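Below: the structure, in structure tokens.
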Amino acid sequence: MKSVVEEVITSGAVTLAGLILWLFLPVFQIKGINYDLSITPIGFKTVLFNQSYILISPLTITALVFFALSAIIPFIWTSTRYSLYLSLASSLLGVAMIVNSFIFQERYLHFNGYSVLPTETGYFYISFPLSSTYNLPLFLLFIGAGFSMVNAITKARWLPVRRLSLIEKMNFKLKNNELIKGLSLFVDNLGVDAKVEERAIKTSGLIITKADSRTELPNDLSIFFPQGEVIIMGEDGALHIDEDRNVQYLTVEEGLKLAMIKLIERSSLKRGEVAELYE
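First residue of the sequence shown: -4, per the working numbering; consecutive thereafter.
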């Protein structure tokens, strides 16, 4: 997972929406006559006859932190799919904290049919007809956790959206005059010892360069006496000169494939590691 994909954006957006909404609407609420108990991000809030009391709880605070980390981690750590697993673990911990909050509320804020009202000086036991409600933030957070699980299982490949292949991305950069910039990132990821110039990438026995719109070559490059293997990329085609000075004309796609194959051959990574990097 080298870049942020639609699935990660979807999961993060749902989770963050749940967190933001939780700031204004409790995930769980018990209502009665002149009485209200709600689970907020900082703890349990009780209201009796317009007098409010807050019991600060580490359960809800850590739930808030875990869900926030679950949404943010895949956006920060994009170089590996392991961020998806970490995001899933964080979201599951957030779910566990929410569930523990429900257990705490049921066990310690209710006693023999009475609701317990914690105050600054003690506790009141009150009995009112009550009704409980699970609000929208809870469902959004649980849905976000579900998306995190699906992302981890499918490696964030479950939306029916066609993605550009690596070749298509490089072709797009070529047309936007950013081929060398794109290939330089590719080289860095592969760990290739290469020299990146304005219009060329040079490594051991290989030069990859781009002709301008008039198919003119860089001034310091000669196709008759090249130093090693040369791949020249143009907007309408590519030229490959091998070490024996054989010249081969290629399509843009063939030229990009050949350039990346040659760079992979010079990479310090193993084949499986390269595949994992761009899967």
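All residues carry an ideal CB built from backbone N, CA and C; glycine is no exception. This structure is a prediction, so every number in the text was calculated from the model and none was measured.
### Query
Leu125 by DSSP, collapsed to three states: which one?
coil
Worksheet item: When the Cα of Val275 is compared with those of Leu54, Leu136, Val22, which residue comes out closest?
Response: Outside the shown range of the chain, which is -4 to 274, sits residue 275, and nothing can be said about it.
Minimum C-alpha distance to Gly89 - residue among Tyr118, Pro69, Leu133: Here the closest residue by C-alpha is Leu133.
With 16 as the cutoff for other CB atoms within 10 Å, does Leu251 come out buried or exposed?
So Leu251 ends up on the buried side.
- Beta-carbon spacing of Val225, Leu234 below 9 Å: yes
Q | Selection from Ser122, Ser126, Leu104, Ile148 that minimises the alpha carbon distance to Val3 | A | Ile148
Can you give me the C-alpha to C-alpha distance between Arg152 and Tyr109, rounded to a whole angstrom? 49 Å
| query | What are the partner residues of Gln100, as DSSP defines its beta bridges? | reply | According to DSSP, which records beta bridges pairwise, Gln100 is partnered with nothing at all.
Is DSSP giving Ser199 helix, strand or coil here? coil
request  = Evaluate the contact criterion for the region 10 to 18 versus the region 59 to 66: three or more CB pairs, one atom per stretch, below 8 Å.
outcome  = yes
* Asked: When you compare each of Ser96, Tyr77, Phe44, Thr41 to Ile56 by their alpha carbons, which one comes out closest?
  -> Of the listed residues, the one whose Cα sits closest to Ile56 is Ser96.
Alpha carbon of Ile34 to alpha carbon of Glu101, nearest angstrom:
Within the model, the alpha-carbon separation for Ile34 versus Glu101 is close to 12 Å.
query: According to DSSP, which residues form a beta bridge with Tyr109?
result: Phe106
**Asked** Given that a residue counts as buried once 16 or more other Cβ atoms are within 10 Å of its Cβ, and exposed if not, what is Thr128?
**Response** exposed
(request) Using a threshold of 9 Å, state whether the C-beta atoms of Thr275 and Leu50 are closer than that. (result) Look at the range of the chain in this structure, -4 to 274, and you will see that residue 275 is not part of it.
With 16 other Cβ atoms within 10 Å as the buried cut-off, status of Ser45 | Per the sequence shown, the amino acid found at residue 45 is Asn instead of Ser. Answer is exposed; the Cβ neighbour count stays below 16.
ask   = When DSSP builds the beta bridges, which residues end up paired with Ile25?
value = In DSSP, Ile25 forms a bridge with Leu32, Ser127.
- DSSP three-state call for Lys150: helix, strand or coil? coil
Notebook entry, point to check: Where does Gly229 fall in DSSP's three states?
Noted result: coil
Pairwise C-alpha distance: Ile236 and Gln243: The straight-line gap from Cα to Cα measures roughly 6 Å.
### Task
Identify whether Gly223 lies in helix, strand or coil by the three-state DSSP scheme.
coil
(message) Alpha carbons only, please: which of Leu201, Ser85, Gly232, Leu79 is nearest the one belonging to Glu238?
(response) Leu201
message: For Leu32 and Phe70, I'd like the C-alpha separation in whole angstroms.
response: Straight-line Cα distance between these residues: approximately 35 Å.
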